[in-house]
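**Student:** Numbering (my numbering), first residue to last: 18 to 221. The beta-carbon is built from N, C-alpha and C at its ideal position, and this holds for glycine as well.
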């Protein structure tokens, strides 16, 4: 995520469209793609994307709720586990299989517990519960190297405030892709986010 720390969340994506949608995102600059497991035949979509893209791209699953699902994602070729919560069993299972894991947290207690269990980054979810003012306060006590990714509801013009507060990147859901969006719409959304990110980094 060094070049473009934006995680595409493809909730509701279907098998027949997943590769084309992902290719549009990759062409715009995205390198990290998550398929939530409550999407139709999500494991198959993850398998298709893992086969299509090289290890230079990070493909994985979101809404991971069980250790068994971690195993299923790993067998499908996924390398990323994203969760809406901070279940220590799931974090440890992901790390035991050398996968990257970003659990969801909404409090400092959850954040420190997740890090203690090996989390690679923190999904601030929902982003509204960890507003920029809250994240700024968190940054005074979290380890300096902690990766914090607000997820949910962040639009291109809303990234600046979070970055100033200490965000490292963002997870992008329905404002980037929602079920039924056309390829053209997804590409336009992706390019808007990428352009906004590049401008913010250039001005930093």
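Look at the alpha carbon of residue 157 and the alpha carbon of residue 218, and state the distance between them as a whole number of angstroms.
**Tutor:** To locate residue 157, count along the chain shown from 1; it is residue 140. To locate residue 218, count along the chain shown from 1; it is residue 201. The straight-line gap separating the alpha-carbon atoms of residue 157 and residue 218 is approximately 22 Å.
**Student:** Per the DSSP calculation, residue 50 is bridged to which residue(s)?
**Tutor:** For the purposes of this step, residue 50 is taken as the residue at position 33 of the chain shown. Looking at the DSSP output, residue 50 bridges to 25 and 76.
**Student:** When the Cα atoms are used, what is the spatial distance from residue 179 to residue 85?
**Tutor:** Position 162 of the chain shown, counted from the first residue, corresponds to residue 179. Position 68 of the chain shown, counted from the first residue, corresponds to residue 85. Each residue's Cα considered, the two are about 34 Å apart.
**Student:** Taking the alpha-carbon positions, what's the residue 43 to residue 124 distance?
**Tutor:** Here residue 43 refers to the residue found at position 26 when the chain shown is read from its first residue. Here residue 124 refers to the residue found at position 107 when the chain shown is read from its first residue. Cα to Cα, the separation comes out at about 33 Å.
**Student:** In or out: residue 55 buried (at least 16 other Cβ within 10 Å) or exposed?
**Tutor:** Along the chain shown, read from residue 1 onward, the residue named residue 55 stands at position 38. For residue 55, the number of other beta carbons within 10 angstroms of its own is below 16, and it is reported as exposed.
**Student:** Sorted by chain position, which residues of the same chain lie with C-beta nearer than 6 Å to residue 127's C-beta, five sequence neighbours on each side aside?
**Tutor:** Your numbering for residue 127 matches position 110 in the chain shown. Within the same chain, 103 come within 6 Å of residue 127 by CB-CB distance, once the 5 residues on both sides are set aside.
**Student:** Work out the CA separation of residue 140 and residue 185 for me, nearest whole Å.
**Tutor:** As a first step, residue 185 must be located in the chain shown, where it is residue number 168. As a first step, residue 140 must be located in the chain shown, where it is residue number 123. Using only the alpha carbons, I get a separation of about 11 Å.
**Student:** Along the chain, where does the beta strand (DSSP E) containing residue 147 start, and where does it finish?
**Tutor:** On the chain shown, residue 147 is found 130 positions in, with the first residue counted as 1. Careful: residue 147 lies outside any beta strand (DSSP E) and carries neither H nor E.
**Student:** Can you give me the Cβ contacts of residue 177 inside the same chain, cut-off strictly under 7 Å, excluding the 5 residues immediately before and after it?
**Tutor:** If you number the chain shown from 1, residue 177 lands on position 160. Only 217 meet the Cβ criterion.
**Student:** If you compare alpha carbons, which of 101, 135, 150 and 91 is closest to residue 108?
**Tutor:** In the chain shown, the residue the question calls residue 108 occupies position 91. The alpha carbon of residue 108 has as its nearest neighbour, out of 101, 135, 150 and 91, the alpha carbon of 135.
**Student:** If the criterion is Cβ atoms closer than 9 Å, does the pair residue 75 and residue 50 meet it?
**Tutor:** Sequence index remark: in the chain shown, residue 75 carries index 58 (1-based). Sequence index remark: in the chain shown, residue 50 carries index 33 (1-based). Contact: yes.
**Student:** For residue 121, which beta-bridge partners are listed by DSSP?
**Tutor:** Mapped onto the chain shown, residue 121 falls at position 104. Its beta-bridge partners are 140.
**Student:** What is the DSSP secondary structure of residue 132, counted as helix, strand or coil?
**Tutor:** Taking the chain shown and counting its residues from 1, the one referred to as residue 132 is at position 115. Residue state, collapsed to three classes: helix.
**Student:** Measure the alpha-carbon distance for residue 27 versus residue 191 and round it to whole angstroms.
**Tutor:** If you number the chain shown from 1, residue 27 lands on position 10. If you number the chain shown from 1, residue 191 lands on position 174. Straight-line Cα distance between these residues: approximately 8 Å.
**Student:** Leaving out the 5 sequence neighbours to the left and right, which residues in its chain are closer than 7 Å to residue 144 when beta-carbon positions are compared?
**Tutor:** Here residue 144 is taken as the residue at index 127 of the chain shown, counted from 1. Excluding sequence neighbours, residue 144 sits near 167, 168, 169, 170 and 171.
**Student:** Is there at least one Cβ from chain B nearer than 9 Å to residue 56's Cβ?
**Tutor:** Protein chains in the displayed structure number just one, and chain B is not present.
**Student:** Is the CB-CB distance between residue 36 and residue 65 below 9 Å?
**Tutor:** Sequence index remark: in the chain shown, residue 36 carries index 19 (1-based). Sequence index remark: in the chain shown, residue 65 carries index 48 (1-based). Yes; because the gap between Cβ atoms is below 9 Å, this pair is in contact.
**Student:** Reducing DSSP to helix, strand and coil, say where residue 188 ends up.
**Tutor:** Taking the chain shown and counting its residues from 1, the one referred to as residue 188 is at position 171. The answer is strand: DSSP assigns residue 188 an E or B state.
**Student:** Between which residues of its own chain and residue 149 is the CB-CB distance below 6 Å, once the five residues before and five after are set aside?
**Tutor:** By one-based count along the chain shown, residue 149 stands at place 132. Its chain contains 178, 179 and 182 as the residues whose beta carbon lies nearer than 6 Å to that of residue 149, once the 5 sequence neighbours on both sides are disregarded; these appear in chain order.
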